[in-house]
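One structure is given below, encoded as structure tokens.
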Amino acid sequence: MFSTKDPSRRLQKLRSLMKNEPIQAYIIPSEDAHQSEYLAASDRRRAFISGFTGSAGTAIVTETEACLWTDGRYFLQAKEEMDEKWTLMKEGIPSTPTQGAWLVKNLPCGSRVGTDPNLIPYRTWKTLQTELDAGNITLVPVERNLVDLIWENKHFPSYNRVEPLSLRYTGKTSKEKVKEVRAEMSEKGARLLVVSALDEVAWLLNLRGSDIPYNPVFFSYVVLTMDDVHLFIDEYKLNDKVYKQFKEEDLDVTVHPYERLRSFLVEQISENENGKIWVSSESSYALSAVVPEKRRVGEITPIPVMKAIKNPVETEGMIKAHIRDAAAVCCYFTWLEKEIVKNTITEISGAEKLEEFRREQEDYVGPSFSTISSVGPHAAIIHYEPSKKTDRQITTDEIYLCDSGGQYNNYSTYITRTVHFGTPSQYEKECFTRVFKGQCFMGTTVFPTKTKGNCLDTLARKFLWDVGLDYMHGTGHGIGMYLNVHEGPMGISWRVYPNDPGLQEGMFLSNEPGYYEDGKFGIRIEDIVRIVKADTPHNFKERNFLTFETVSLVPIQTKMLVPEMLTEREIKHLNEYHTRCREIVGPLLKQMGHHETYEWLCRETKPIG
């Protein structure tokens, strides 16, 4: 993947550049200039310097040390991918210091810590700066990215075209969306708003792109004033269809070169001395620092919440897409169950076959992320991605975990199922049952409107906690509408989401508890759920109550369950869910001529009692 083969040589080159600055430590975040979770190849700097390819993590290099902070999803992966020059710092473990605390402890007073100010969010910068100030250490912006300077044969940014997404899919014109955002700007007294997150730009303008693998977004910024819309993008990416849609949606857009954003902001600030300027603290420090603090609104833009609450057209499309996707996944498991006893099927060839079944579906574009096709011990690596080096055969002897999703021409899907094609051990079945009980408990809970997702996380973990087990990832994240499969600002996790507006009707999230034993097996059951109104006999203080409706429609393998561990309510819930799978997905399978899969579906959805 990377041209510089010797990790030690990379560190040596980086440290030489650090001396020239001079700085005693250099921070390499995961993000790009738009604070994206998933990256274009040209922005994978942290992966280049450390060897760790997971989506979350921060590298810090000093004159003598190289450390990598990441969370529980990636502990095993990071350990396998990094060499002995790197130290893994396990976030979420109480004994692991924060990056700031570690730097204060390991650097002498008066040291300088540098980082690229374009790649670190303003909120993160300020928190780190406060920690370092306590140790008399200075955080300094390094405008030249030092990793780029040593990255031989670095990838070039994408040159892909942008495409319009029509009203039949979006349910709302870009002009209507801009009007709603301006109403929020008016309430804050903001005369100008900067949109830097790529999925926010795509949603606002009803456009989609392909600059980042699996994520239909494109490199750009938007600046809104109360009268104008300014789009900062390499203009060759725009075609006649884009301009035609702008005209049809009655949105007047002024296009500027992508690199002009900062100078444009400086001009606007100097020309207009009154009024607030809205730049989210989730944007880069470099961008936020352009705006004087006394004039800056640092809250998240109004777009994430608007985007998270799907309108009726988006809701209908999300539901239909998950029906089509369920048909593909059911076809895959039918095929896999039969083929593994006759032929050699591996993690990679299995994932490729799943992709074939998805391509049969109407409007399919491609995967929504790299398929996690994982067998036995690989299933314990939470975000495992099979490679030629690690590819393992799928057999009847081990658990198989498949976490996958699709991008359709209008909507995104995401689902995980864990199965065993032979005879699972009693312990594996007990662990699976506890994961299912947690998923059922949270998925059927009733809660007041705008309850923070953090409050629900323990419901999914309770039955694992009862016996001293747990999992080291969140329980739920938002999902985009033909956008990113991980979408904020809400989420369900042991961590607090700082911008969580509270769960509201119309949001779509994942429900995905799991359990993992290093070197042995992994279990995860993941559905996409829609937040709907709950039918309750009372309405305390007129708060209005909500619940979840499961949108994913793929059977849960009942032979992995221990029936004696289930309550009557849980059995009823599962049987009703399986009836929905059969009655909704079954007709599509028959219509497509997948009669063998229909028979498999009927068998897998037989009631248990």
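All you need for our numbering is the position in the sequence shown, starting with 1, plus 597. Beta carbons are placed, not taken as given, at the ideal position from N, Cα and C, and that holds for glycine.
Candidates the options, of which the one nearest residue i by Cα
i	options	result
residue 920	1189, 617, 772 and 1162	1189
residue 1129	1150, 1114 and 1106	1106
residue 706	1062, 685, 736 and 1051	736
residue 1145	770, 1062 and 1170	1170
residue 1154	1123, 1143 and 1138	1123
residue 952	932, 938 and 937	932
residue 849	869, 825 and 955	825
residue 792	1043, 1087, 820 and 910	820
residue 584	1112, 804 and 686	Shown here, the chain extends from 598 to 1206; a query on residue 584 therefore has no answer.
residue 1180	843, 1195, 1168 and 1166	1195
residue 692	666, 618 and 1005	666
residue 860	887, 976, 842 and 839	887
Helix, strand or coil at residue i [DSSP, three-state]
i	result
residue 1094	coil
residue 1108	strand
residue 973	helix
residue 865	helix
residue 905	helix
residue 916	helix
residue 601	Unreliable positioning characterises residue 601 in this predicted model, as indicated by a pLDDT of 39, which lies under 50. A coordinate reading is not provided.
residue 803	coil
residue 1113	strand
residue 1188	helix
residue 591	With the chain covering 598 to 1206 only, the question about residue 591 has no answer from this structure.
residue 795	helix
residue 706	coil
residue 1160	helix
residue 932	helix
residue 958	coil
residue 1027	helix
residue 1125	strand
residue 612	helix
residue 787	strand
residue 758	coil
residue 746	helix
residue 1079	coil
residue 1205	coil
residue 656	strand
residue 763	coil
residue 838	helix
residue 897	coil
residue 737	strand
residue 1181	helix
residue 633	coil
residue 843	helix
Delimiting residues of the beta strand (DSSP E) encompassing residue i
i	result
residue 818	818-822
residue 851	850-853
residue 1004	1003-1005
residue 1119	1118-1121
residue 682	Residue 682 -> no beta strand (DSSP E), and no H or E assigned at all.
DSSP beta-bridge partners of residue i
i	result
residue 983	Paired residue(s): none; residue 983 is not in a bridge.
residue 1044	1143
residue 827	820 and 851
residue 646	In DSSP, residue 646 forms no bridge with anything.
residue 1155	Residue 1155 is not bridged to any residue.
residue 1171	According to DSSP, residue 1171 bridges with nothing at all.
residue 1000	969 and 1013
residue 1084	1075
residue 622	659 and 710
residue 873	787
Test: residue i CB closer than 8 Å to a CB of chain C
i	result
residue 900	Note that chain C does not occur in the displayed structure, where there is just one protein chain.
Any non-hydrogen atom of the ligand FAD within 7 Å of residue i CB
i	result
residue 738	By its list of ligands, the structure shown contains no ligand whatsoever, and the ligand FAD lies outside what it can speak to.
Residue range of the alpha helix (DSSP H) that includes residue i
i	result
residue 991	Note, residue 991: premise wrong, no alpha helix (DSSP H); not H, not E.
residue 1057	1054-1062
residue 720	719-730
Quiz item: Between the segment 670-690 and the segment 712-730, do at least 3 Cβ pairs fall closer than 8 Å?
Solution: No: the two stretches stay apart, fewer than three of their Cβ pairs being nearer than 8 Å.
Quiz prompt | Stretch-stretch touch, CB-based, cutoff 8 Å, three pairs: the segment 1036-1053 with the segment 974-988 | solution = Of all C-beta pairs linking the segment 1036-1053 to the segment 974-988, fewer than three are shorter than 8 Å, placing the two stretches out of contact.
Self-check item: Segment contact flag, the segment 962-970 with the segment 926-936, C-beta cutoff 8 Å, min 3 pairs
Solution: No, because fewer than three Cβ pairs between the segment 962-970 and the segment 926-936 fall closer than 8 Å, the two stretches do not touch.
Practice problem: Check whether the segment 1112-1127 touches the segment 1013-1025, taking contact to mean three or more Cβ pairs, one atom from each stretch, closer than 8 Å. | Solution: Cβ pair count under 8 Å is three or more, so yes.
Quiz item: Does the segment 688-704 come close enough to the segment 839-858 to have 3 or more Cβ pairs within less than 8 Å?
Solution: Contact fails between the segment 688-704 and the segment 839-858, because fewer than three Cβ pairs, one in each stretch, are under 8 Å apart.
Exercise. Determine contact between the segment 798-806 and the segment 874-894, defined as no fewer than three beta-carbon pairs at a distance below 8 Å.
Key: Contact between the segment 798-806 and the segment 874-894 is absent: fewer than three C-beta pairs spanning the two stretches fall below 8 Å.
Practice problem: Count the CB pairs spanning the segment 1135-1142 and the segment 936-945 that are closer than 8 Å, and state whether there are at least three. | Solution: Touching, no.
Quiz item: Hey, is the segment 811-819 in contact with the segment 1070-1083, meaning 3+ C-beta pairs nearer than 8 Å?
Solution: They touch, by the three-pair rule.
Quiz item: Counting pairs of beta carbons, one from the segment 645-663 and one from the segment 615-634, are three or more of them closer than 8 Å?
Solution: The answer is yes - the segment 615-634 touches the segment 645-663, with three or more Cβ pairs under 8 Å.
Practice problem: Report yes or no: do three or more beta-carbon pairs, one from the segment 1090-1100 and one from the segment 1043-1054, lie closer than 8 Å? | Solution: Contact between the segment 1090-1100 and the segment 1043-1054 is present, because at least three Cβ pairs lie under 8 Å.
Quiz prompt | Segment contact, 8 Å Cβ cut-off, at least three pairs: the segment 754-773 with the segment 861-868 | solution = Contact fails between the segment 754-773 and the segment 861-868, because fewer than three Cβ pairs, one in each stretch, are under 8 Å apart.
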